[in-house]
Amino acid sequence: MPRVLLIEDDPAVREGVELGLRRRGHDVRAAGTGEAGLAALAEFRPDLLLLDLMLPGMNGVQVCRQVREHSQLPIIMLTARGDDFDVVIGLEAGADDYIVKPARPEVIEARIRAVLRRMDDSGPGRPAIEVYGELTIDRVGLTVTKAGRPLSLAPSELRLLLHLSAAPEQVFSRQQLLENVWEHTFHADARLVDACVARLRSKIEPDARSPRYVQTLRGFGYRFGPL
Amino acid sequence: MIPLPRRGRNTEPAEGRRTGPEERSRVRAFGLRTRLLAAFLLVAAVSAGTTSALTYREARNALLKTAQDTAVSTFREQVQQTGFGLPVQEEGMEEVLRDLARKGKPRPWVVFAEYGSVRASSGENPVSTVITPGLRRAALANPYGSFERVVKDGVLYLTIAMPTVFRTGPYDTLPSGLVLYAVMRMTDEQINVDALLTAARDGALPGLAVALVPGLIAARSVLRPVRELRRAARSMGSGRLDTRIAVRGNDELADLADTFNESAAQLEDSVHELREAEARARRFASDVSHELRTPLAGMLAVTEVLDEDADHLDSDTARAVRLVSAETGKLAVLVEDLMEISRFDARAAELNADEVDVAETIRKTLQNRHWTEDDRVHAELPTGIRARLDPRRFDVVIANLVGNALRHGGAPVTVRLRTGERPTGTPVLITEVADRGPGIHPDSIPYIFDRFYKADAARTRSAGSGLGLAITQENVRLHGGTIRAGNLPEGGAVFTVEIPLHAEEATA
Amino acid sequence: MRRTRPHRRAAALAVAAAVPLLGGCGIQESDVIEAGGPATVEAFYNRSEEVILFFRTPDGRLNPVIRTVGSSPGFGDEYTEPGPAGTIGPPTTEKAIAELLTGPRPKDRAAGLTTALPPTRPGATIKIDPTSGSTVTTHLPFPLKDLNTTALRQLTCTIAYSKDPGGRLTVKLTGQDGGSHSDTCGLPSGTPG
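Chains as they are written, first to last, in our numbering: chain R, 57 to 283; chain V, 1298 to 1805; chain X, 294 to 486.
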């Protein structure tokens, strides 16, 4: 069972979520502040970070950025505010997904599972390693290098790239990507896709403003290539 | 927005309601400008006319007096140069009279003589038909020359009666009984008078024309502030409450502008206050929802624990625990809906439009709710309709309508999709959700989209948050669309959503 | 229309203002207006030989006629300018009355002149009392009661103008019947302009 680090300042929520997830078999460690959470990170070595955005002192977005500086730990934001602004900031800071509070443990668990699920769409007969221009994608080792230098991609970024490059030149709508990559419903927040594409492009594209690998088809969605 | 009663609001399209005030002003034939000009012209006309008329009358009287006096004294002089034996003899009289007539100055006249029964003239008839009995009486009664203007057959005549006297001594005269009359046409005087009239008219008309120029200028100076006022009023009406007018001068229009500015300031203040109060109320609702969310988040996280463990508790505790768990869930939904409504009220709701296949979007909505697994919901979704929608909000719209139909109407619920056009030509996406239930009571239709409106007073709140249809309507509006509630002739309620196919353009 | 009433009032005002103004246009008929004195004509009246008699016109007025009676010797006439004795004087009043009583001549009748006086037999005595003050008394050889107003005025004026060029005397008539009538001629006299 995955090890989950929960950073949440409100004791009731912290305790409730911890209780709910532990009941479902997760190994949960809870921290009340961002600083405490970051401190627990090295020692607890979680598989996933559940991060409340509104924290006293160091806030969730700052924690998120700091984690992303040296780790591709999957991050799911907990947001009590439906404020779209926070969500966008959190996604840009590198969060892979978000959950709006209040949420039932089953919903949280579903999101955790989706983020942690290994992409296994390398069909039989497909070469394990594919090369597209400067990009080399290892579907088995789940590594991507650009011009020989390994890229550190967050789980959602990697999954998106793998999904798009599995069918080069095929157009995926944002709704389809939400369903396939994030395992959300068709109608979920398409900004998840947009934010993730933006982050991915900043890492793989030579020029993020005129993308080569992940291309936009206005009104339809995204596709990989053609190069 | 102030939550006012919304009778019939959702049944009418947003556009095409305002009739332009411009059209009205153009139709106005007797506008302020016309009236001002008319007033100026009237004053100018009256003064010019009065002046002309008075001048003319004086001039005419002077002219006439001169002409008449000249005629009378000339006639007298002529007559005085003649001699008559008494009694006056008829023979030779005409000769004398013709002689007199020839000497007529400045124009010829016809001379008549009357003495006893003697009647003679320089013309064809011995007796004039123009001379009045009044003139005769005056001439015979008093030894004075006299005249009278007579119009006969449309011609103006000057008739002069000249009684004659003769000397009875060095200092005395005696009326001879002979009266001489001169009759002359006044045509020349008439012409003079006509000329005078023409002159007066020619003088008056340029005067009027000249009056038109200051009239126009004055009208402009009056109309400009009025026009400014109108523009300002319209600007206020369109919500720019800080509109003020520049006050110029010290006249009534300046007072009006002052009053307008004061009223505008007061209005701005009251509206500002009202908005503040409204914003406070809205913030409060929003804050309350926010504050409720955190404890709810904790509670909701443990409801599962309660539900699972309830089985091991004694029955009363188990019921209590299950009740708490169920109500916590409902409370979470209610708070979620309140949050959503607050966002709409704060205009914080954003439209994240994307071009989608509408049929697929609706199908996913139904699938996600597991409504297509049995025959409760029937969908007629033609393929190939693409529209710019916010998929999440459209999902809420469809889900709320279908959920509502399933709860309050009756299965099977039909979802129909088609495209159409508004009267303005905007292509729209039309989605109909119909059920086979008892329909909506006609009295309830105007309020069906109101918050917490319960069509059936006896209905328990368990049916939902009471905000579902209100949120649905707000979501449709955010797309620039309309939603209508009604009943089908064959029974059952139908909700019709019309959304422009290109939502972003419609709301832009 | 809700604006009818003010409009009607304004129209009435305009009409009220226009009528006197426009009514003054053009030349109207006029009443009989006096303009100066009469015309003094030459009637060739020679006081020394002629008398002024008054006859009736068809409309009942009196018109003067001038009749030559020849000069009379200057006796018993206190009313003429005192001149040297034996000079020719104007015709006497008696002569004038006698001429009047003979009635209009054909020339006078041609002009429509008639007399209201009764015919008298020639040679009847007419006696004039000496003038006392401004009254002259005349004794007539017939009764006064038969005379109408016109006849009395004929006599009065003829007598008055024979005695005075201005005719400004009071004439007292006495008849055979003893009746008397006293009056002035009353014809408008004037000074020549």
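We put the CB at the ideal spot given by N, CA and C, even for glycine.
query = Between the region 112-127 of chain R and the region 184-203 of chain R, do at least 3 Cβ pairs fall closer than 8 Å?
reply = no
ask   = When you compare only the Cα positions, how much space is there between I1742(V) and V1712(V)?
value = Rounded to the nearest angstrom, the two C-alpha atoms are 20 Å apart.
ask   = How about G1413(V) and G1474(V): do their beta carbons lie closer than 9 Å?
value = yes
ask   = So which of A1506(V), D1366(V) and V1408(V) has the shortest CA-CA distance to L1339(V)?
value = A1506(V)
request  = Can you say whether E162(R) is buried or exposed, counting buried as having 16 or more other CB atoms within 10 angstroms of its CB?
outcome  = exposed
task = Quick one: which residues of the region 1592-1618 of chain V get their C-beta closer than 9 Å to a C-beta of chain R? List them in chain order.
result = P1592, L1593, A1594, G1595, M1596, L1597, A1598, V1599, T1600, E1601, V1602 and E1605
ask   = At least one CB of chain R closer than 9 Å to the CB of A1656(V): is that the case?
value = no
task = Output, in sequence order along the chain, the residues in the region 1419-1444 of chain V whose CB is closer than 9 Å to any CB in chain X.
result = Those would be T1429, G1431, L1432, R1434, A1435, A1436, L1437, A1438, N1439, P1440, Y1441, G1442, S1443 and F1444, in chain order.
message = Rounded to whole angstroms, what is the Cα-Cα separation between E1677(V) and S1762(V)?
response = Their Cα atoms are separated by approximately 29 Å.
message = To be precise: take each residue of the region 100-133 of chain R, compare its Cβ to all Cβ atoms of chain V, and keep it if any distance is under 7 Å. Which residues remain?
response = none
key: Sub-9 Å separation of H243(R) and T1662(V) beta-carbons   = Contact: yes.
query = chain X partners of T1367(V), CB-CB under 9 Å?
reply = Within 9 Å Cβ-Cβ: nothing; T1367(V) doesn't reach chain X, min ~10 Å.
ask   = Are D153(R) and S212(R) close, meaning C-beta to C-beta below 9 Å?
value = In terms of Cβ geometry, D153(R) and S212(R) form a close pair [threshold 9 Å].
message = Give the list of continuous beta strand (DSSP E) stretches no shorter than 3 residues that lie fully inside the region 1652-1730 of chain V.
response = 1674-1677, 1683-1686 and 1710-1718
3-residue-minimum beta strand (DSSP E) runs that sit fully inside the region 1338-1423 of chain V, ordered along the chain = Secondary structure remark: continuous beta strand (DSSP E) runs of at least 3 residues inside the region 1338-1423 of chain V, in chain order: 1407-1412 and 1415-1418.
request  = Return the residues of the region 1668-1699 of chain V that lie within a Cβ-Cβ distance of less than 7 Å from chain R, sorted by chain order.
outcome  = P1688, R1689 and D1692
ask   = When DSSP builds the beta bridges, which residues end up paired with A86(R)?
value = L62(R)
message = Measuring straight from C-alpha to C-alpha, what distance separates R279(R) and E1657(V)?
response = 20 Å
query = Can a CB atom of chain V be found closer than 9 Å to the CB of F242(R)?
reply = For F242(R), the answer is yes, since a Cβ of chain V falls inside 9 Å of its Cβ.
ask   = At which residue ranges does the region 1595-1633 of chain V contain complete beta strand (DSSP E) runs of 3 or more residues, listed in the order of the chain?
value = none
ask   = Nearest-angstrom Cα distance between P399(X) and F348(X)?
value = Roughly 13 Å separates the two Cα atoms.
query = G426(X) by DSSP, collapsed to three states: which one?
reply = coil
key: Delimiting residues of the beta strand (DSSP E) encompassing E1445(V)   = S1443 to K1449
task = Would you mind working out which of R1644(V), E1647(V) and L1703(V) sits nearest D1671(V), comparing C-alpha positions?
result = L1703(V)
request  = Going by CA-CA distance only, name the one from E1575(V), G1534(V), L1589(V) and N1665(V) that's closest to L1564(V).
outcome  = For L1564(V), the nearest C-alpha among the options comes from G1534(V).
inquiry  = Tell me which residues of the region 1343-1354 of chain V have at least one Cβ-Cβ distance to chain X shorter than 9 Å, keeping chain order.
reply    = Listed in chain order, the positions of the region 1343-1354 of chain V with a beta carbon within less than 9 Å of a beta carbon of chain X are V1343, G1346, T1347, S1349, A1350, L1351, Y1353 and R1354.
key: CB of L1334(V) within 9 Å of CB of L1513(V), strictly   = In this structure, L1513(V) lies closer than 9 Å to L1334(V) by Cβ.
request  = Could you have a look at D439(X) and say whether DSSP puts it in helix, strand or coil?
outcome  = helix
ask   = N1701(V) and G1626(V) look like a contact to me (Cβ under 8 Å); what is the Cβ gap, rounded to whole Å?
value = 19 Å between Cβ atoms; not a contact.
inquiry  = The beta strand (DSSP E) that contains I1780(V), what's its start and end?
reply    = T1779 to N1784
query = Are V1653(V) and V1699(V) closer than 9 Å when you measure CB to CB?
reply = no
query = If you check the beta carbons only, do D1732(V) and A1790(V) fall under 9 Å apart?
reply = yes
query = Where L1471(V) and G1451(V) are concerned, what is the direct C-alpha to C-alpha distance, given to the nearest angstrom?
reply = 38 Å
query = Is the Cβ of A184(R) closer than 9 Å to any Cβ of chain V?
reply = no
key: 7 Å Cβ shell around R1666(V) - same chain, five flanking residues per side excluded   = Excluding the 5 residues flanking it on each side, R1666(V) has same chain C-beta neighbours closer than 7 Å at A1696, in chain order.
ask   = For T1461(V), is the classification buried or exposed, using 16 other Cβ atoms within 10 angstroms of its Cβ as the cut-off for buried?
value = Classification of T1461(V): buried, given that the 10 Å Cβ count is 16 or more.
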